[in-house]
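The block underneath contains the structure these notes are about, expressed in structure tokens.
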Amino acid sequence: MIPYVLKRLAGFVATLLAAAAVTFLLLDALPGDPARFILGINASPEAVQALRLQLGLEAPPLERFIRWIGGMLQGDFGLSYTQGAPVSALIAERLAVTFPLALAAMVISIAIGLPLGILAARRRGSLADTGLMMLAQLGVAVPNFWFGMLLVLLFSVTLRWLPPGGFVPWDENAWGAIRSLVLPSFALALPQAAILARVMRTALVDVQSADYIRTARAKGLTMGEAVWRHGVRNALLPVLTILGLQFAFLVAGTIIVENVFYLPGLGRLIFTAISERDLILVRGAIIVLVVGVTLTMLVVDLLYGLVDPRLRVRRASR
Amino acid sequence: MSLLEVKGLGIAFSGRPVVEGLDLTLAPSERLGVIGESGSGKSLTALAIAGLLPDTAERTGTILFEGSPLPEDEATMARLRGKRIGMVFQEPMSALNPLMQVGEQIAEAIFLSGDRVGYGTQVLALLDEVGLEPQHRRRYPHELSGGQRQRVMIAMALASRPDLLIADEPTSALDLVTQRQVLDLLDRLARNRRMALLFISHDLKAVAALCPRIMVMQAGRVVEAGPREAILGHPRERYTRMLVGAARFRIHTLANAPMGDPLFTARQISRRFESPSLLFLPRRAGTLAVDAVSLTLRRAESVALVGPSGCGKSTLARIIVGLDRATDGTMQFDRTVYHGSDLPGALRPDISLVFQDPFGSFNPRLRIGASVSEPLRLLPDLDEAARRRRVADMVEAVGLSPDMLSRYPHQFSGGQRQRFAIARALVTRPRLVVLDEPVSALDVSVRGEVLALLHRLRADFGLTYLVISHDLDMVRALADRVLVMSAGRIVEEGRPAKLFEKPEHEQTRALLAARLPEL
Amino acid sequence: MQFPIKTVLYAAVASLVLIGAAQAQRTDIRIGVVLEPPALDPTAGAAEAIDIVVYQNIFEGLTRVDETGAVQPGLATDWTISEDGLTYTFNLAEGVTFHDGTPFSAEDVVFTFERILADDSVNAQKALYAPIESVTAIDAATVEIVLERPSGMFLFDIGRGDAVIVSPATADTNATDPVGTGPFRFVQWNRGSRIQLARYEEYWGELPALTEASYHFIGDTAAGINALLAEEVDGFNNFASESIALFEADPRFKVLVGTTEGEIIMATNNRQPPFDDLRVRQALAHAIDRQALIDGVSNGFGVPIGSHFAPHHPYYVDLTGTYPHDLEAARALLAEAGFPDGFSTAMKLPPVNYARLGGQILASQFAEIGVTVELINVEWAQWLTDVLTNKDYDLSIVAHVEPFDIGIYADPDYYFGYDDADFQAIISELSTTTDDARRRELAVAAQTRLAEQAVNGFLYQLPQIGVWNAKVEGQWVDSPIEGVVLRDIRWVD
Amino acid sequence: MSIRDHWAGRALRHPSFVIGLLGTLAFIGLALLSAVWTPHVVDRVNIAARFAPLFGDYLLGTDHLGRDIASMLMRGALTSLTVAAVAVGIGLVIGVPLGLAAAIVGGPFEWLILRVNDFLFAFPALIVAVLITTLFGPGATNAMLAIGIFNIPVFARVARGGALSLKSLDYVAAARLAGLSSLAIARKHLLPNIASLVIVQATIQLSLGILAEAGLSYVGLGTQPPGTSLGLMLRDAQSIFLLHPHLAMVPGLAIMFIVVSLNLAGDGLRDLIDPRLRKEGLPRVAA
């Protein structure tokens, strides 16, 4: 197992370094000057220049890049230009919304997607199967900001069960925080659940025609028992691959859903920070997002190694 | 009362019949061999008996097990299968659950057959009975060789002490030596456990070696059935006669081996494979696939390189034709010295290779003509007309017609494709042709023709052959001289007749022993 | 576990009390705003979003501007102005404390103005306070400010958010933890979500009715509508115009339509040909159909303007008739100026609704007189660099929200590129006279000059469309200065 | 050619494929038609005719600027399709060669390409879109670039997977024996055989591109006025949904219709061209 893990870790670190470098370069090339933005229309050039010095925008790019990376390793992401607060605090505050949202969406999509996929596979060809698969087709096709709004109109405006948006901080009222995450995570989870259902169904249907299932039936298991004891675990492999990719889509989705439900998430932070040219905040936030996505892919890779012995155990001698 | 009685069995898929009017009876501990080519419906018959037909199949006729018909409802049929019938399938690669240790999979079979306690020791007993070591039980399928995996399958089938063992092509995916060991194992087990055996195969010699009674099937019908001596001795049906004839090779060795001057010599060729190491960790010691091999091929000579799978013969072949590079040692073709993939372009037309699997050797998206003329790129000075004429000549030389060139590979049979493969190898008029298991993937009936073709082409074009194989009968029909390889080294050399009478090296003896008795 | 009789009893009693309390008047308010402020120090940032939260709520100036735009006493209860209009003596209120308890004194006023005028000051409106020569504390409760030259707007300018009085102890941290003397103190800021204020019980003046106030940041209009309809938010001070019909028809809500200090103009680069030719600018003025623009962009909400002046201001004069919507006249003027079949130009639009929609409507209106307009959408930061700083533009649409800012046309290198001696004379006299009648005359003259010169396309005044819970009173209908003043807001039955 | 008639024969017995194909072709037809003709001039602002009702003198009514919804739908479909198509093009042109090269060359070069893949993947399309639009200003072209960049790793992954399974086959070795260079082998032998894999993935990425464009337009980074796209129409209509529901319903349903059609066509294509494909359980990568 060790060489497999080390290989994956090396890849993880390399991807992160590349991401940091590209983010830094891209943002440095952005036109527009943060100091001018803070001081507004009528500010005098001297005031703008004073602020630029104060924010350290004048140092050469490479030096700033090294300082930034060094700082990040010790958890210091620098100070935000516009809000003056440490970037790491700002990000942590927003992460307390985006991370549980993405996690909840992932859990919901698995909780809905997998059972439906298994149900559809078990009743292959029946009405339930075609019905579920049509539903899955629709699930993928609905733009999530539109679906989100329809959810709000039904559950908040008409039924008044859940808040239409906004976020009650965890420390103030944990239950309120959970309530404000329910609708957004469902809006986010819908397309992912649809994809998971389709992949699970296809995987299970393929598994049913696999040779080792026939062997298991020969040993005295019924088709259902054989699929359950042998098939599901093998069917999990393609599902795991999709799960690994899905976190990246969830992150993209959160940015839109945070807008629809006006949640103080990392996505919106990046948006406002970019339009306000708060580059140091943008850089920090993007890196956190990229780490989140690559970390999940690493975890899924390692899980893959765990589930599939073929990856971690040496091949038979020739 | 017979153990198994099948009356008027019919299997059809959406109306199209695949098996019709099949009758078969099997007494307890009796053995029946079913012989038939691919597509004859023999495997479907076995699946029908075990109640494993796919749900899209429509079954007619009756199957009685100890007098009572097979239960309709799946659960009871599954329990019956588990307790009374054992099955072994053809593809060892995919027949075992890749994610579960083999010991566990055997234990599950024991658990299902009823005795819930002490199955740990039973697993060890079964492993031992099928010739595997105790530590194998913690291995995963991909860590075992084909033969070992087939033994695990057999152990699983025996777990429930079945009265009937159905073996569907159990050895056709194995190399000859392992094949013989598995057949002997099945024979011994059937006798010790007094199990009835339904042995299905396309290899007549394997069926004849194991079963006193034989049933011949063709296109879903039983052509002939009866005791072994009757079927082999004086077959009544024409199809059976053709099958028996094809299984016996006409041995025709050349009167005197032509003693041309040496065309190709290899000096101390070795090939080491490094294990995949991480970027930073030190490289671990690799395995030595070919170990200091030296050989010479004379002009127009046909030499065979034989050995069990994994002895390095294919690796050596790849190095000789320039697909791979030797880690050390040199080779000389005519006056040019090379190490493998550094074979100069000018010499490439002179050496060519015929692959084993006819299905994988042609690009499905290209017309067969384009594939056959591809090697002509090595002869840039040929103009278009000369190019087309040469391809047409070669296609006719291998017994096919040029107007087939515009068709696609999937429109030809295995035999025809192998002929096209040979035409492609000869289109550049090579002097040395390396043949990697040229006929082992073909149906028995077609093998004879292809071997005869190879024989004629060698005579017509004065070709030098290097034939790679593990099938001694085929080798004796084609080669003037035989080199026996084992674990990367050539251990014995000689004329086929001498080797067959007085084998010296124990590897050669093992290969000879693996041959099935003549019909 | 023995059944917790006691706890159940308490719960029952508590819930009864709660229900009882629900009938009593609510004293908390939740206000929706579209933009979140980048920081909370009004003296170190120009964003309007800052003043909306803090102006007259957390911070106070010497004077304060009321709902009509008039100047009222603030921390200075009364003041005297010398004959030559150069020396102002302010008497400060007694017993005033900052929210952190430190007492307020004249020293704080001196510190505040020295901080604004310092070389490294980052105050956005530093130019307004340039005329100040000295600020001296006569005694703990009296401050004297001496000017270099008289300034008609001085009392108004020190009432703006940029000149609120800050304490030296907390000046540097006001951006994230504002401490002022106002009726509400800062409680908590959950970034991206909301800011909470609470009534400052030791406030020196009259205590406001509200005990708690929170601002909720909702950028998306549809989300805002849902928040109002689900009664998660009690009102928006200035809401998008497209769904107002929804709230006018709903008895739970009331809609207050007023104006702001924001003039929406079609900025024209007077130095860039062909716009340096007065006839071309006049032709464009004739081609603009203001009412169609207002209907299209803000669903009919908004007052057309003929010059750069807020209609709710006492000195306002209606000059929309200077160049009435007349396509024939426009085509004639273009021909006269040498463009018989029009010309093509480009319009850079910042990322706001009135600009992006307005641009499309103006483009289709100009197309009718042969002027083809290419629309280029830019981010704010890019607009500030391209248009404002480098003057690299032909036309643009933007709102100038600074109160009484007609003076910007007197600066020749301001991005309009307008350099007119007569106008500059009017403005310089206006800024130095304090007599009201004379100021009105000058203001009218300035407005008329700009209108005739058609310096820019004067479109309409940015409306303030307030959508509130029907049971809330005391909000300002107009907003003569940036801010949502909570002082008078209360719940009624 | 025998593959086509055999293929068309089986196509008719594959209902969902036929529905998907017809839906897609109808949609593309309408979109292309809008380039030459639309019921009304698409971007003519006519305030007086705002919010005209359904089936009045404007078939699908008019929007908040008085523009005819039907014409906007057709032109919007054209923009959405072009954005998604160009994005797929970018993914194809860069992703597929990368994937093939990784499979053939292998070793550290393959490791590098896989890392670039992961890196490109880790950047959510929206963040890339935001960065690009702030660099070059928002607009349809930048949406194409952003979604295109997101497609590259998808196609690279598909191409590499396909090529790896073919690389060990004999006809590739035969080609190498015939002296073909790696590049020639990739072009002549590998590319045609992974074509079906790539085509299927292209249809799926096309449908996801349309959704991504809608997402970008929703946050104001996709197509900019006066241009129009389905996403932009949906965003503008979202805030007046309660007053004029049909303004949001029409673009929303149009997006769903084209995405479902494309997915059905894609899956149908996969089953028809290469049944073996489905067996490999190629995980459908969705954005």
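Protein chains in written order, with full-length UniProt numbering: chain P, 1 to 318; chain Z, 1 to 519; chain F, 1 to 493; chain S, 1 to 287.
Just so you know, even glycine gets a beta-carbon here, dropped at the ideal spot from N, CA and C.
The structure presented is a predicted model; accordingly, all values stated were derived computationally and were not measured.
Look at the stretch 35-46 of chain S: the residues with a C-beta under 8 Å from a C-beta of chain F are 43, 44, 45. Not one beta carbon of chain P lies nearer than 8 Å to the beta carbon of residue 360/Z.
Residues of chain Z whose Cβ lies closer than 8 Å to the Cβ of residue 171/S are, in chain order, 360, 361, 362, 363, 371. In the DSSP assignment, the residues bridged to residue 7/Z are 62/Z. If you check the CB distance, residue 326/Z and residue 271/Z come in under 8 Å. Taking CB atoms only, residue 193/S has a neighbour in chain Z less than 8 Å away. Annotation for residue 220/Z: 18, 19, 20, 41 place their beta carbon closer than 6 Å to its own, counting only its chain and skipping 5 residues before and after. Look at the stretch 112-184 of chain F and you find these whole runs of beta strand (DSSP E), each 3 residues long or longer: 132-139, 142-147.
At a C-beta separation below 7 Å, residue 239/S has these neighbours in chain F: 221, 222, 225, 240, 242, 243. Any Cβ of chain S closer than 8 Å to the Cβ of residue 345/Z would place that residue at the interface, and such an atom is present. The alpha carbon of residue 12/P has as its nearest neighbour, out of 86/S, 118/S, 258/S, 254/S, the alpha carbon of 118/S.
In chain order, 172, 189, 190, 193, 194 place their CB closer than 8 Å to the CB of residue 166/S, counting only its own chain and leaving out the 5 sequence neighbours on each side. Around residue 40/S, the same chain offers 68, 71 as residues with beta carbons nearer than 6 Å, after the five sequence neighbours per side are excluded. Take residue 5/Z, set aside five residues on each side of it, and the residues of its chain with a beta-carbon closer than 7 Å to its own are 25, 64, in chain order. Neighbours of residue 246/S in chain F, taken as residues whose beta carbon is under 9 Å from its own, are absent, since the nearest beta carbon is some 15 Å off.
The beta-carbon of residue 364/F is placed less than 8 Å from the nearest beta-carbon of chain S. An exposed status is given to residue 95/F, since fewer than 16 other beta-carbon atoms sit within 10 Å of its beta-carbon. Contact between residue 444/Z and residue 246/Z holds: their C-beta atoms lie close to 5 Å from each other, under 8 Å.
Residues of the stretch 457-474 of chain Z with a C-beta atom less than 8 Å from some C-beta of chain S do not occur. Linking residue 315/F to residue 407/F through their CA atoms gives a straight-line distance of about 14 Å.
Residue-level contact check: residue 134/S touches chain P, since one or more beta carbons of chain P fall below 8 Å from its beta carbon.
The beta carbons of residue 183/P and residue 151/P sit closer together than 8 Å.
Closer than 8 Å at the C-beta level to chain S, one finds these residues of the stretch 294-306 of chain P: 294, 297. For the 8 Å CB-CB criterion, residue 186/Z and residue 210/Z form a contact. A residue is called buried once 16 or more other Cβ atoms fall within 10 Å of its Cβ, and residue 7/Z, having fewer, is exposed.
Runs of the alpha helix (DSSP H) lying entirely within the stretch 170-211 of chain Z, each at least 4 residues long, are 176-193, 204-210 in chain order. Classified as exposed, residue 73/P has fewer than 16 neighbouring CB atoms from the shown chains inside 10 Å of its CB. Inclusion of residue 84/S and residue 204/S in the CB contact set at 8 Å is not warranted, their separation being larger than that value. The alpha helix (DSSP H) runs of length 4 or more contained entirely in the stretch 400-481 of chain Z are, from start to end of the chain, 414-426, 444-461, 472-478. Contact between the stretch 450-461 of chain F and the stretch 470-485 of chain F is not established, with fewer than three Cβ pairs separated by less than 8 Å. Neighbours of residue 292/F in chain S, taken as residues whose beta carbon is under 7 Å from its own, are 47 in chain order. Residue 189/Z is not a Cβ neighbour of residue 171/Z, given a cutoff of 8 Å. Under the three-state reduction of DSSP, residue 95/F is assigned to coil, being neither helix nor strand.
Contact annotation, residue 409/F with residue 418/F: C-beta distance approximately 6 Å; criterion of less than 8 Å satisfied. Apart from sequence neighbours up to five positions away, the residues of its chain that approach residue 145/S with a beta-carbon distance below 6 Å are 132, ordered along the chain. Take the alpha-carbon of residue 197/P and the one of residue 30/Z: they are about 50 Å apart.
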